[in-house]
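A.B. asks:
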Amino acid sequence: MQRWNWDSINTTLQAVLGIKSLSDPKKLVYDIETQVIHPEFNTSNKHHDLLLLKLPEKVPLSESISPLRYQTEDIMIKENTLCMVAGWGKIKKTGKKPDVLHEVLVPVISREVCNRRDYYHGEVTVNIICAGDNKRDSCEVR
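The working numbering applies: residue 21 is where the sequence shown begins, and numbers increase by one.
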């Protein structure tokens, strides 16, 4: 398991919890004590793109802060299943990052469709979920 220390990574990374607006004064902000990268993370195809963060203290659970459930079985999510995605990323290539958490329900797209030349041209593997429609998706702005 690869661990990073603060001498070799970005020291501005923080965990912000309990809010949907970054300007909300009720937010809880924690510095990150340790970052653990998935041992099989692959930078070229983004497989196992997961980062575990250790906070310096225990987080108080509340109505707005709770543990995230995660998949414990290796199952394929069926085409057209609606999935909720959320983030503070840019919503347009030239846009600013928003203050408010954006959430959107998007349908899963078949791997065959996603790998067509007019989508991701063969880049979507069995370890990637492709989701979105012609107006909404959760992909990184390129």
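Using N, Cα and C, we set each Cβ at its ideal position, and we do this for glycine too.
(1) Taking 6 Å as the limit between beta carbons, can you name the residues of its chain near Ile148, skipping five residues before and five after?
(2) For Asp144, count neighbouring C-beta atoms within 10 Å of its own C-beta (all shown protein chains included) and say buried if the count is 16 or more, exposed if not.
(3) Spell out the partners DSSP gives Glu123 in its beta bridges.
(4) Taking all protein chains shown into account, decide if Ala106 is buried (16 or more other Cβ within 10 angstroms of its Cβ) or exposed.
(5) Asp94 to His67, Cα distance in whole Å?
(6) Here's a check: name, in chain order, each residue in its chain whose Cβ is nearer than 8 Å to the Cβ of Leu71, leaving out the five neighbours to either side.
(7) Does the beta-carbon of Lys66, which I'm using as the reference point, lie nearer than 7 Å to any heavy atom of the ligand NAP?
(8) Measure from the alpha carbon of Lys112 to the alpha carbon of each residue in Leu102, Thr63 and Lys155, then state which is nearest.
(9) Just to confirm my understanding: we take Cys134, look at its own chain, exclude 5 residues before and 5 after, and list those with CB closer than 7 Å. What are they?
(10) If you follow the alpha helix (DSSP H) that Val133 is in, where does it begin and where does it stop?
(11) Which partner residues of Val128 appear in the DSSP bridge assignment?
(12) Considering only the alpha carbon of each residue, which of Ser64, Asn100 and Val49 lies closest to Glu77?
(13) Helix, strand or coil: which one does DSSP assign to Tyr140?
C.D. replies: In short:
(1) Indexing the sequence shown from 1 puts residue 148 at position 128. Correct list: empty, nothing qualifies.
(2) To locate residue 144, count along the sequence shown from 1; it is residue 124. Looking at the sequence shown, residue 144 is not Asp but Val. With 16 or more other Cβ atoms within 10 Å, it is buried.
(3) What you label residue 123 is simply residue 103 of the sequence shown in a count that begins at 1. Within the DSSP bridge table, the entry for Glu123 names Ala106 as partners.
(4) For the purposes of this step, residue 106 is identified with residue 86 of the sequence shown, where counting begins at 1. With fewer than 16 other Cβ atoms within 10 Å, it is exposed.
(5) Taking the sequence shown and counting its residues from 1, the one referred to as residue 94 is at position 74. Taking the sequence shown and counting its residues from 1, the one referred to as residue 67 is at position 47. C-alpha separation (whole angstroms): 15 Å.
(6) Taking the first residue of the sequence shown as position 1, residue 71 is located at position 51. Non-local beta-carbon contacts of Leu71 in its own chain, meaning distances under 8 Å to residues more than five positions away in sequence, involve Gln55, Val56, Ile57 and His58 in chain order.
(7) The model on display carries no ligand, and the ligand NAP is accordingly not part of it.
(8) As a working note, residue 112 is residue 92 in the sequence shown. It is Lys155.
(9) Mapped onto the sequence shown, residue 134 falls at position 114. Answer for Cys134: Tyr140, Val144 and Cys150, listed in chain order.
(10) To locate residue 133, count along the sequence shown from 1; it is residue 113. Start and end: Arg131 to Cys134.
(11) What you label residue 128 is simply residue 108 of the sequence shown in a count that begins at 1. Residue pairing by DSSP puts Val128 in a beta bridge opposite Ala151.
(12) Counting from one through the sequence shown, the residue named residue 77 turns up at place 57. When each option's Cα is compared against that of Glu77, the closest is Val49.
(13) Within the sequence shown, the letter at position 120 stands for residue 140. Residue state, collapsed to three classes: coil.
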